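All remarks here apply to the structure that follows.
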RNA sequence: GACUUGGUAGCUCAGCUGGUAGAGCACAUCCCUUUUAAGGAUGGGGUCCUGGGUUCGAGCCCCAGCCAAGUCACCA
């Protein structure tokens with residue numbers, strides 16, 4: 097038994113041993129069939145008191161109130177919590193009361209998983225409760241759970257430290273039921289979107305995550321290596337170029353829910369891996385795509401909430417069509433009162449300075465526009481809004497605007513002050529596409545780490561001809577944040593990326609104490625005493641160490657003979 | 001990457017001007033044979049994030065580091 101265990105963990109392991117000595121398997125192999133859930137009982141029982149007279153449910157024990165021969169407990173299953181009533185003489189009809197007195201009262205703990213059989217009734221306090229006739233241990237838990245209590249909506253001792261919640265999401269899910277709900281909603285979002293797209297008969301596809309050339313977005317990639325091919329591969333930053341190859345191949349509509357990876361900063365809006373749904377539809381343009389996005393997101397909101405109105409922080413966002421539309425120039429004029437559409441680069445730089453937007457020499461006209469928009473407009477757009485017609489410099493994969501030179505046919509939807517999607521009329525002119533890639537290469541040469549790389553095979557594909565196509569990328573995590581009223585992307589990802597936790601990995605490190613001749617069973621005692629390595633023992637006083645070891649042996653009730661003083665002296669000599 | 005705040009028992013948190021490490025829940029033992037966060041009594045439980053420094057003495061002050069959260073920068 098490891099000495100690193102806390103007292104409560106030791107008690108639980110002792111209980112586990114005792115259960116086994118009583119002939120009870122704490123981890124039975126056979127299935128435990130249930131015929132209802134906590135939620136179903138709580139919803140339906142009051143109407144139909146004759147129902148639920150023979151229920152079987154299973155879940156985790158979340159609280160107990162023991163009073164002698166009768167006890168109440170709380171069982172939590174995937175649907176919710178329900179109270180259990182245990183009565184000694186019903187659990188143990190015969191003379192032997194062990195299964196109640198010892199097993200239930202002493203050997204079970206909060207966090208254990210049990211199955212119960214019985215009938216439903218209402219207590220005199222008015223709570224729907226399962227009167228337990230039989231119970232079975234399905235899994236003994238060896239670690240204490242954070243105990244969260246609640247009354248009248250007020251939560252006591254809430255488990256809310258974000259670091260622990262994210263690192264040990266399972267605990268978060270156990271004790272904070274609303275978290276389980278958030279992820280159900282996220283699943284509903286994805287399901288709704290998928291159904292919407294499948295109904296339109298688009299093909300759901302899968303394309304490579306490992307790519308020899310990364311492309312389709314301006315971002316820095318993760319780099320990896322394939323042994324057999326002896327080649328560098330990148331984790332995709334987007335799947336755009338692959339999906340367009342499929343449009344070249346003749347499909348009318350393809351989409352993918354894609355995990356993408358970007359080797360960039362992290363924040364409450366950015367995780368290194370995130371999910372994006374990309375969709376490409378042949379014969380369409382960006383105007384058509386705007387209508388489609390509105391329709392789709394409105395539908396998702398209705399499917400999730402039954403309404404187009406969603407509360408997000410302080411705001412109520414309404415996804416009802418039609419959404420507001422601004423050109424990028426129009427948005428800047430609307431929010432700043434300055435019409436920049438006809439300005440030269442120099443005039444625009446001056447205008448930016450006047451608005452308090454910082455620019456530097458490397459920024460071209462397009463970049464300055466983007467900067468002004470980002471600083472002065474984006475954050476103010478709370479209701480879903482389309483921003484259209486972007487400067488060409490920022491969009492090497494979008495088609496030139498049909499009317500306005502210098503712009504491309506691109507839109508983003510902004511909602512709650514953040515971009516949620518990005519779309520364009522896809523560039524299918526291979527000569528123009530090659531020229532745009534070459535501009536990117538030039539940017540790369542000048543040191544832009546996010547400049548795109550030229551993908552010769554992609555160019556070859558569109559040289560064969562790609563139909564006019566509208567393309568869309570929509571950030572699933574961002575959308576999930578809005579639709580679940582979550583303040584951080586980490587709240588809509590089960591396992592957000594965290595820096596590895598050093599303290600936990602150090603625990604399993606092996607020690608070189610054994611090399612000094614210290615028997616295996618004493619190594620952990622040395623560690624407990626603060627001697628984690630042979631070197632740390634070098635200057636120790638043998639008498640003091642001996643006393644420490646004996647003290648720990650007594651304190652921890654170790655079942656092994658005390659070491660002899662000369663042994664301890666010898667071990668320390670060995671180290672020197 | 002920068003700045004701010006934080007890290008103390010299984011969980012939530014106190015901890016004064018630097019002077020023997022505290023509470024509630026949880027846990028154990030006993031009493032009570034009883035329900036609604038919490039019946040009573042008693043008790044056990046600590047690498048005060050890590051490493052240095054100042055000091056007679058550091059959870060507290062100083063320096064360095066680790067981890068997180070928030071804000072900013074970059075980005076979706």
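Residue numbers (this note's numbering): 97 to 672.
Ideal Cβ positions, reconstructed from N, Cα and C, are used throughout, including at glycine.
Predicted, not measured: the structure shown is a model, and the values here were computed from it.
| Asked | Found |
| --- | --- |
| Residue 415 to residue 262 span [Cα, whole Å] | 30 Å |
| Among 455, 204, 271, nearest to residue 673 - alpha-carbon criterion | The chain is shown only over 97 to 672; residue 673 falls outside these bounds and no answer can be derived. |
| Complete runs of the alpha helix (DSSP H) confined to the segment 244-300 [at least 4 residues] | 258-263, 265-271, 273-295 |
| Rounded C-alpha distance that separates residue 212 from residue 374 | 47 Å |
| Alpha carbon of residue 233 to alpha carbon of residue 190, nearest angstrom | 20 Å |
| Inter-residue spacing [alpha-carbon to alpha-carbon] between residue 448 and residue 477 | 20 Å |
| As assigned by DSSP and simplified to three states, the class of residue 485 | strand |
| Residue 347: first and last residue of the uninterrupted beta strand (DSSP E) it sits in | Unbroken run through residue 347: none, as it is neither H nor E. |
| Contact between the segment 506-517 and the segment 538-545 (3+ Cβ pairs under 8 Å) | no |
| Residue 432 - containing alpha helix (DSSP H), residue span | 424-432 |
| Residue 209 to residue 490 span [Cα, whole Å] | 55 Å |
| Beta strand (DSSP E) runs contained entirely in the segment 168-199, provided each spans 3 or more residues | 176-183 |
| Span separating the alpha-carbon of residue 294 from that of residue 348 | 13 Å |
| Neighbourhood of residue 398 by C-beta, 7 Å cutoff - its chain only, sequence neighbours within 5 removed | 404 |
| Local Cβ density within 10 Å of residue 311, reported as buried at 16 or more and exposed below that | buried |
| Simplified DSSP assignment, three categories, for residue 522 | strand |
| Meets three-Cβ-pair contact criterion under 8 Å: the segment 146-156 and the segment 165-184 | yes |
| Inter-residue Cα distance where the pair is residue 292 and residue 115 | 52 Å |
| CA-to-CA distance, residue 522 to residue 568, given in whole angstroms | 9 Å |
| Where residue 238 falls: helix, strand or coil (DSSP) | coil |
| Three-way DSSP call (helix, strand, coil) for residue 80 in this model | Because the chain spans 97 through 672 in this model, residue 80 falls outside it and cannot be assessed. |
| Residue of 505, 554, 355 minimising C-alpha distance to residue 526 | 554 |
| Inter-stretch contact at 8 Å, needing at least 3 Cβ pairs: the segment 270-289 / the segment 573-580 | yes |
| Cα-Cα separation between residue 298 and residue 342, rounded to whole angstroms | 12 Å |
| Which of helix, strand or coil DSSP assigns to residue 503 | strand |
| Simplified DSSP state of residue 411, which is helix, strand or coil | strand |
| Neighbourhood of residue 307 by C-beta distance below 7 Å, restricted to the same chain and skipping five residues each side | 329, 330, 332 |
| For residue 275 and residue 239, the rounded distance between their alpha carbons | 21 Å |
| Backbone CA spacing between residue 268 and residue 359 [nearest angstrom] | 27 Å |
| Sequence-distant residues of its chain with Cβ nearer than 7 Å to residue 663 (five each side left out) | none |
| Straight-line gap, residue 520 to residue 255 (C-alpha atoms, nearest Å) | 44 Å |
| Sequence-distant residues of its chain with Cβ nearer than 6 Å to residue 545 (five each side left out) | 316 |
| Beta-carbon gap between residue 464 and residue 427 smaller than 8 Å | no |
| Contacts around residue 229, its chain only, beta-carbon distance under 7 Å, and the 5 residues preceding and following it disregarded | 186, 213, 214 |
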